[in-house]
Each structure stands twice: as structure tokens, then as C-alpha cells.
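Have a look at the structure below before the remarks.
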Amino acid sequence: MAVGGDRAGRKITNQERKHFQSTMGPAEPQRLCEPLISCLHTSSVNFHFPKLCISGTIDLKSVLTSLGITKVFSNEADLSGIKEDAPLRVSQALHKAVLSFNEKGTEDEGDTVKGPMALTLAPQVKFNSPFLVIIYEHSTKSPLFVGKVVNPTQQ
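Read in order, the letters of the sequence shown are residues 5 to 159 in the numbering used here.
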């Protein structure tokens with residue numbers, strides 16, 4: 005499904021979901037995304053998606069430190085380009101991502117069709133059971149957002 009610009013998404017079937025749940029841990033989004041993104045194709049469907057909002061926060065300090073970026077978090081940090089008269093250092097680095105799907109995302113889809121219409125109906129795609137969401141950038145096939153959606157009232 006097109007999400008906007010050079011970004012797209014894909015629905016994971018129940019069979020695929022069971023396979024990935026049994027073979028991959030929760031911290032392996034790149035390994036999860038590569039085979040799913042590689043087999044994408046475009047098609048027309050009648051799309052039924054729940055209204056939802058998912059968010060997650062990552063402590064970037066630990067990620068950046070593991071990549072060798074440590075000086076900025078110490079008293080040796082040189083952030084004089086931000087403020088010259090006081091020594092500065094970064095004490096915390098957080099990244100929060102929010103993904104929302106609602107009726108505003110589909111407002112224009114009810115427009116009148118102009119031109120020839122196909123005689124066959126587009127298949128129904130309903131997201132009415134737990135599913136994974138992967139939003140990725142087309143040219144690099146890099147995942148931008150990976151999430152799992154479940155009914156919070158069911159365990």
C-alpha cells in the first residue's frame with residue numbers, strides 16, 4: 005500500500021506471521037523486513053484498516069554509544085557552535101516515532117471514478133486480526149517503521 009512519497013507498506017498474511025513469530029526475535033526488524041519487501045508488487049484492493057495510533061521511544065544514547073559516539077555525552081564535548089560561554093554536553097538522547105491511521109488518510113478515496121471500470125471486483129483486504137506494519141523507503145528498501153498491532157483488550 006502506498007503511504008506517501010517514496011514510502012510504502014505491506015500486509016503480512018497469517019501464514020507469514022506464524023513463520024516469522026516462530027523464527028525471529030523481537031529485535032530483528034532488518035532480518036524481518038528484507039524478505040517481505042523484496043517480494044512486493046502493486047495491485048488494487050478494497051482496503052479496510054482500523055483507526056489506530058502506535059508509538060515507540062528509543063534511547064539513542066545507548067545506540068550512539070555502541071556506535072562509538074561517546075564524546076558528545078562527556079565533559080569533553082565541544083558544542084561551542086551552540087553556546088560559546090558555557091560548557092555543554094548531551095545528557096539524554098531520545099527518539100519517539102508515532103504512526104497514526106485514521107479516516108483523514110482516506111478522505112479522498114470516495115471520488116467518482118472517471119474512465120473505464122474493470123468488470124471484476126477488487127479483492128477485500130481486511131486488517132481484523134493481529135498484524136505487522138512495515139513502512140519502508142522504496143529506493144533503499146530501508147525500513148522506516150516496524151510495528152506489531154494487536155487488540156489491546158485481548159491477551
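Quick reminder that beta carbons are idealized off the backbone N, C-alpha and C, glycines included. Computed from a predicted model, the values in this text were never measured in an experiment.
Counting the other Cβ atoms within 10 Å of the Cβ of VAL129 gives fewer than 16, which makes it exposed. Taking all protein chains shown into account, VAL154 has fewer than 16 neighbouring C-beta atoms within 10 Å of its C-beta and is therefore exposed. For VAL150, the enclosing beta strand (DSSP E) covers residues 146 to 153. In this structure, DSSP gives LYS55 a state outside helix and strand, which the three-state scheme calls coil. The alpha carbon of ASN106 has as its nearest neighbour, out of ILE138, CYS57, TYR140, the alpha carbon of CYS57.
With a threshold of 16 other beta carbon atoms within 10 Å, ILE86 falls short and is exposed. When rounded, the separation of the alpha-carbon atoms in THR144 and ASP89 is 42 Å.
Apart from sequence neighbours up to five positions away, the residues of its chain that approach LYS100 with a beta-carbon distance below 6 Å are THR61, ordered along the chain.
When DSSP states are grouped into helix, strand and coil, THR157 belongs to the coil group.
8 Å or more divides the Cβ of LEU92 from the Cβ of VAL137.
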